[in-house]
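Engineer: Right, I'll just put the structure down here and ask away after.
Number of protein chains: 2
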Amino acid sequence: MEPLVVEHAAALIVGNELLSGKVAEANLVELARTLRPLGVELARASLLPDELRVLTREIQTLSRDYSLVFTSGGVGPTHDDITIDAVAAAFGVRSVEHPTLAELIRRAYGERCTPAHLRMALVPEGAELALSPSGAWPTPVFRNVWMLPGVPEVFREKLDTIRAWVRGPSPFVSLAVYTKLDEPSLKVLIDQSVETHPDVDVGSYPRWFEPSYKTKVTFDARDRAAVERAAREFVASLPEGALVRVE
Amino acid sequence: MEPLVVEHAAALIVGNELLSGKVAEANLVELARTLRPLGVELARASLLPDELRVLTREIQTLSRDYSLVFTSGGVGPTHDDITIDAVAAAFGVRSVEHPTLAELIRRAYGERCTPAHLRMALVPEGAELALSPSGAWPTPVFRNVWMLPGVPEVFREKLDTIRAWVRGPSPFVSLAVYTKLDEPSLKVLIDQSVETHPDVDVGSYPRWFEPSYKTKVTFDARDRAAVERAAREFVASLPEGALVRVE
Numbered sequence: 001m002e003p004l005v006v007e008h009a010a011a012l013i014v015g016n017e018l019l020s021g022k023v024a025e026a027n028l029v030e031l032a033r034t035l036r037p038l039g040v041e042l043a044r045a046s047l048l049p050d051e052l053r054v055l056t057r058e059i060q061t062l063s064r065d066y067s068l069v070f071t072s073g074g075v076g077p078t079h080d081d082i083t084i085d086a087v088a089a090a091f092g093v094r095s096v097e098h099p100t101l102a103e104l105i106r107r108a109y110g111e112r113c114t115p116a117h118l119r120m121a122l123v124p125e126g127a128e129l130a131l132s133p134s135g136a137w138p139t140p141v142f143r144n145v146w147m148l149p150g151v152p153e154v155f156r157e158k159l160d161t162i163r164a165w166v167r168g169p170s171p172f173v174s175l176a177v178y179t180k181l182d183e184p185s186l187k188v189l190i191d192q193s194v195e196t197h198p199d200v201d202v203g204s205y206p207r208w209f210e211p212s213y214k215t216k217v218t219f220d221a222r223d224r225a226a227v228e229r230a231a232r233e234f235v236a237s238l239p240e241g242a243l244v245r246v247e
Numbered sequence: 248m249e250p251l252v253v254e255h256a257a258a259l260i261v262g263n264e265l266l267s268g269k270v271a272e273a274n275l276v277e278l279a280r281t282l283r284p285l286g287v288e289l290a291r292a293s294l295l296p297d298e299l300r301v302l303t304r305e306i307q308t309l310s311r312d313y314s315l316v317f318t319s320g321g322v323g324p325t326h327d328d329i330t331i332d333a334v335a336a337a338f339g340v341r342s343v344e345h346p347t348l349a350e351l352i353r354r355a356y357g358e359r360c361t362p363a364h365l366r367m368a369l370v371p372e373g374a375e376l377a378l379s380p381s382g383a384w385p386t387p388v389f390r391n392v393w394m395l396p397g398v399p400e401v402f403r404e405k406l407d408t409i410r411a412w413v414r415g416p417s418p419f420v421s422l423a424v425y426t427k428l429d430e431p432s433l434k435v436l437i438d439q440s441v442e443t444h445p446d447v448d449v450g451s452y453p454r455w456f457e458p459s460y461k462t463k464v465t466f467d468a469r470d471r472a473a474v475e476r477a478a479r480e481f482v483a484s485l486p487e488g489a490l491v492r493v494e
């Protein structure tokens, strides 16, 4: 596999347990916080149940519309683990045993290894493996779809693999201005900033139950000078005493 | 507004801050845990950035494919709060000031009330208000789209409103069987259960770092007798000593 330079990505989080509220979703923020410093924009996330047709259609759409797709979940040995089959179906190929994964599983389970264990070696036919720099389990990649596990402890082990193989065209730069004013009071100043700096993504985040500040205004772009200019001008436009800090 | 009986729902979670990793998404699990006991199936969730065209298209799709849509986020007074406009655009209507909301805002802010504050009274033209049983802020509803706030503390205040107005055709019943066996060892028994009980949703959840059990197998359906039968037969099929508990 070659290292990848990509602009944006989508996440497909799979699992009935997340939609029924049995389990709180925990992987999305980890993926977001991994991609952001790499300069890859996470452009959307979809959470879907364990249904082959639904997953297949979503994988087709996401893999067409975004540079990379990261799936999470549905890769174990049981009947409700259908992500690999859905990726295979999305591209019209079969699921086959990957010899490297099968060998790893045989080595890990030894005499206890059964056909059920070997189901975890299935990949869409033609998939490659992204190797982990720390020696953790390799990640199957088919075209632009990365298939990651759902168990949060195991998902987190794969973040190093993403860092090793994926990066954006340039990093994002972000500054946050914390103020004592509420959003309505800041609206004119924020609107002015948005208009003056169309290439900077300006965000406004009120905190209702936070004693130290009322609104955080963020400035994001790939261009550091543009971000610093927008933040500096916004701070200069604040009334006296309104600024808490810039980070 | 009339109380609603609905089969399924979708969630649309809005906000750049969730996709950039600045903030961890926190409302989805609350919504899931509210809908489940009501007997409403949360069938999918989409997390999208603050982009009018993207949101408009998603609202059109979700409101067509699901009985109800709950949006979260993008309802404040600033430029990046565009959920109301996206719902209006999705149905080809304008955003207009709702007189009841405008009055509430004027009362809350008194002399400090500005046009920026009154932006929070905007709704798609023709929207109704779902009133809160506890007197919290009313929730704008346009056709089958409920527009909820993104700030988690405020989002949670709206869950009572959902409970007051929405319910499913019948509640879900769920049983969980905790076992000492790993998933591959259970696969044959689980497959047998899935085949024998096609109307019961069987889930299998391994825990890799939990001392008290290795796999939780869940049985879910609207039919209590069917769930109890499937769980009972599965427990009976377990080898001696494998059962930890049933919940």
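Chains as they are written, first to last, in my numbering: chain A, 1 to 247; chain B, 248 to 494. The beta carbon of each residue, even a glycine, is placed where N, CA and C say it ideally should be. For clarity, every value in this text was computed on a predicted model and none was experimentally measured.
Between A:174, A:130 and A:227, which lies nearest to residue 4 (chain A) when the distance is taken from Cα to Cα?
Structural biologist: Working through the first sequence from its first residue, we reach residue 4 (chain A) at position 4. Out of A:174, A:130 and A:227, A:130 has the C-alpha closest to the C-alpha of residue 4 (chain A).
Engineer: If the criterion is Cβ atoms closer than 8 angstroms, does the pair residue 221 (chain A) and residue 199 (chain A) meet it?
Structural biologist: Position 221 of the first sequence holds residue 221 (chain A). Position 199 of the first sequence holds residue 199 (chain A). It is a contact, given that the beta carbons lie within the stated cut-off.
Engineer: So residue 438 (chain B) contacts chain A; which residues on that side make the cut at Cβ distance below 7 angstroms?
Structural biologist: On the second sequence, residue 438 (chain B) is found 191 positions in, with the first residue counted as 1. The answer, in chain order, is 79.
Engineer: By the 7 angstroms beta-carbon criterion, what residues does the segment 173-197 of chain A contribute toward chain B?
Structural biologist: Correct list: 183, 184, 187, 190, 191 and 194.
Engineer: Apart from the five residues just before and just after residue 399 (chain B), which ones in its own chain have a Cβ nearer than 8 angstroms to its Cβ?
Structural biologist: What you label residue 399 (chain B) is simply residue 152 of the second sequence in a count that begins at 1. Same-chain partners within the cutoff: 273, 274 and 277.
Engineer: Taking C-alpha atoms, which residue in B:436, B:492, B:324 and B:284 lies nearest to residue 364 (chain B)?
Structural biologist: The residue given as residue 364 (chain B) occupies position 117 in the second sequence. Comparing Cα positions, the closest option is B:324.
Engineer: Give me the Cα-Cα distance between residue 111 (chain A) and residue 105 (chain A), rounded to the nearest whole angstrom.
Structural biologist: The count along the first sequence starts at 1 and reaches residue 111 (chain A) at position 111. The count along the first sequence starts at 1 and reaches residue 105 (chain A) at position 105. Cα to Cα, the separation comes out at about 11 angstroms.
Engineer: Assess, as a yes-or-no matter, whether the segment 422-433 of chain B is touched by the segment 405-412 of chain B under the definition of 3 or more beta carbon pairs within less than 8 angstroms.
Structural biologist: Verdict: no, contact absent.
Engineer: For residue 6 (chain A) and chain B, any beta-carbon pair shorter than 8 angstroms?
Structural biologist: Residue numbering aside, residue 6 (chain A) sits at position 6 when the first sequence is read from its first letter. So, not an interface residue.
Engineer: Where does the unbroken alpha helix (DSSP H) through residue 276 (chain B) begin, and where does it stop?
Structural biologist: Within the second sequence, residue 276 (chain B) is the residue found at index 29, counting from 1. Its alpha helix (DSSP H) spans residues 275-285.
Engineer: Are the CB atoms of residue 52 (chain A) and residue 89 (chain A) within a distance shorter than 8 angstroms?
Structural biologist: Counted from its first residue, the first sequence places residue 89 (chain A) at position 89. Counted from its first residue, the first sequence places residue 52 (chain A) at position 52. Yes, these two residues count as a Cβ contact at 8 angstroms.
Engineer: Only counting the same chain, and skipping five residues up and downstream in sequence, which positions put a Cβ closer than 6 angstroms to that of residue 450 (chain B)?
Structural biologist: Here residue 450 (chain B) refers to the residue found at position 203 of the second sequence. Once the five neighbours on either side are set aside, the close Cβ partners of residue 450 (chain B) are 465.
Engineer: Starting from residue 95 (chain A), follow its DSSP beta bridges and name the residues at the other end.
Structural biologist: Taking the first sequence and counting its residues from 1, one reaches residue 95 (chain A) at position 95. In the DSSP output, where bridge partners are listed per residue, residue 95 (chain A) has A:124.
Engineer: In angstroms with no decimal places, state the Cα-to-Cα distance between residue 20 (chain A) and residue 289 (chain B).
Structural biologist: Along the first sequence, one-based indexing puts residue 20 (chain A) at 20. Along the second sequence, one-based indexing puts residue 289 (chain B) at 42. When rounded, the distance between both Cα atoms is 7 angstroms.
Engineer: Quick check: what's the CA-CA separation for residue 483 (chain B) versus residue 332 (chain B)?
Structural biologist: Taking the second sequence and counting its residues from 1, the one referred to as residue 483 (chain B) is at position 236. Taking the second sequence and counting its residues from 1, the one referred to as residue 332 (chain B) is at position 85. Answer to the nearest angstrom: the Cα atoms are 56 angstroms apart.
Engineer: Applying the 10 Å Cβ sphere with the 16-neighbour rule, what's the burial state of residue 354 (chain B)?
Structural biologist: In the second sequence, residue 354 (chain B) corresponds to position 107, counting from 1. It counts as exposed.
Engineer: Please classify residue 119 (chain A): is it buried, with 16 or more other beta-carbons within 10 angstroms of its beta-carbon, or exposed?
Structural biologist: Position 119 of the first sequence holds residue 119 (chain A). Looking at its Cβ environment, which holds 16 or more other Cβ atoms inside 10 Å, residue 119 (chain A) is buried.
Engineer: Can you name the start and end residues of the alpha helix (DSSP H) that residue 384 (chain B) belongs to?
Structural biologist: In the second sequence, residue 384 (chain B) corresponds to position 137, counting from 1. Here residue 384 (chain B) belongs to no alpha helix (DSSP H), and DSSP marks it neither H nor E.
Engineer: Are residue 127 (chain A) and residue 67 (chain A) close, meaning C-beta to C-beta below 8 angstroms?
Structural biologist: In the first sequence, counting from the first residue as 1, residue 127 (chain A) sits at position 127. In the first sequence, counting from the first residue as 1, residue 67 (chain A) sits at position 67. Cβ distance not < 8 angstroms, so residue 127 (chain A) and residue 67 (chain A) don't count as in contact.
Engineer: Can you have a look at residue 456 (chain B) and say buried or exposed, based on whether 16 or more other CB atoms are within 10 angstroms of its CB?
Structural biologist: Here residue 456 (chain B) refers to the residue found at position 209 of the second sequence. It counts as exposed.
Engineer: Going along the chain, which unbroken runs of the alpha helix (DSSP H) with 4 or more residues stay wholly within the segment 159-190 of chain A?
Structural biologist: 159-165, all fully within the segment 159-190 of chain A.
Engineer: Determine, for residue 323 (chain B), whether the minimum Cβ-Cβ distance to residues of chain A falls below 8 angstroms.
Structural biologist: Numbered from its first residue, the second sequence carries residue 323 (chain B) at position 76. So yes, residue 323 (chain B) belongs to the interface.
Engineer: What do you reckon, is the C-beta of residue 122 (chain A) under 7 angstroms from a heavy atom of the ligand MN?
Structural biologist: Judged by which ligands are present, the structure shown has none, so any question about the ligand MN falls away.
Engineer: What first and last residue would you give for the beta strand (DSSP E) that runs through residue 3 (chain A)?
Structural biologist: On the first sequence, position 3 is the one that residue 3 (chain A) refers to. Counting along the chain, residue 3 (chain A) falls outside any beta strand (DSSP E), and DSSP gives it neither H nor E.
Engineer: Rounded to whole angstroms, how far is the Cβ of residue 45 (chain A) from the Cβ of residue 294 (chain B), which I believe are closer than 8 angstroms?
Structural biologist: Counting from 1 along the first sequence, the entry for residue 45 (chain A) is found at position 45. Counting from 1 along the second sequence, the entry for residue 294 (chain B) is found at position 47. About 4 angstroms separates the two Cβ atoms, so the contact holds.
Engineer: Hey, which unbroken runs of the alpha helix (DSSP H) at 4 residues or more fall wholly within the segment 426-493 of chain B?
Structural biologist: Runs of the alpha helix (DSSP H) inside the segment 426-493 of chain B: 430-443 and 471-484.
Engineer: DSSP three-state label for residue 361 (chain B), please.
Structural biologist: Position 114 of the second sequence, counted from the start, is the residue given in the question as residue 361 (chain B). Three-state result, residue 361 (chain B): coil.
Engineer: Cβ atoms of residue 448 (chain B) and residue 144 (chain A): under 8 angstroms apart, would you say?
Structural biologist: Start at 1 with the first residue of the first sequence, and residue 144 (chain A) comes out as number 144. Start at 1 with the first residue of the second sequence, and residue 448 (chain B) comes out as number 201. Contact flag unset, no.
Engineer: According to the Cβ coordinates, are residue 62 (chain A) and residue 83 (chain A) closer than 8 angstroms?
Structural biologist: Against the first sequence, residue 62 (chain A) aligns to sequence position 62. Against the first sequence, residue 83 (chain A) aligns to sequence position 83. Cβ distance not < 8 angstroms, so residue 62 (chain A) and residue 83 (chain A) don't count as in contact.
Engineer: Can you tell me which of A:132, A:79 and A:234 puts its alpha carbon nearest to the alpha carbon of residue 156 (chain A)?
Structural biologist: Here the question's residue 156 (chain A) lines up with position 156 in the first sequence. Closest by alpha carbon: A:132.
Engineer: Kindly indicate the opening and closing residues of the alpha helix (DSSP H) around residue 64 (chain A).
Structural biologist: As a first step, residue 64 (chain A) is located in the first sequence; it is residue number 64 there, counting from the start. Segment 52-65, the alpha helix (DSSP H) holding residue 64 (chain A).
Engineer: For residue 49 (chain A), which residues of its own chain have a beta-carbon under 7 angstroms away from its beta-carbon, when the five flanking residues on both sides are left out?
Structural biologist: Along the first sequence, read from residue 1 onward, the residue named residue 49 (chain A) stands at position 49. Cβ neighbours of residue 49 (chain A) beyond the five flanking positions: 16 and 19.
Engineer: With the cut-off set at 8 angstroms, would you say residue 95 (chain A) and residue 14 (chain A) are in Cβ contact?
Structural biologist: For the purposes of this step, residue 95 (chain A) is taken as the residue at position 95 of the first sequence. For the purposes of this step, residue 14 (chain A) is taken as the residue at position 14 of the first sequence. Contact: no.
Engineer: Which term fits residue 396 (chain B), buried or exposed, when burial requires 16 or more other beta carbons within 10 angstroms of its beta carbon?
Structural biologist: Along the second sequence, read from residue 1 onward, the residue named residue 396 (chain B) stands at position 149. Its Cβ being crowded by 16 or more others within 10 Å, residue 396 (chain B) is buried.
Engineer: Taking just the CA atoms, how far does residue 242 (chain A) sit from residue 58 (chain A)?
Structural biologist: Translated into the one-based positions of the first sequence, residue 58 (chain A) becomes position 58. Translated into the one-based positions of the first sequence, residue 242 (chain A) becomes position 242. For residue 58 (chain A) and residue 242 (chain A), the distance between alpha carbons rounds to 46 angstroms.
Engineer: Cβ of residue 473 (chain B) less than 8 angstroms from any chain A Cβ?
Structural biologist: Locating residue 473 (chain B) in the second sequence gives position 226, where the first residue counts as 1. False, the Cβ-Cβ gap to chain A never drops below 8 angstroms.
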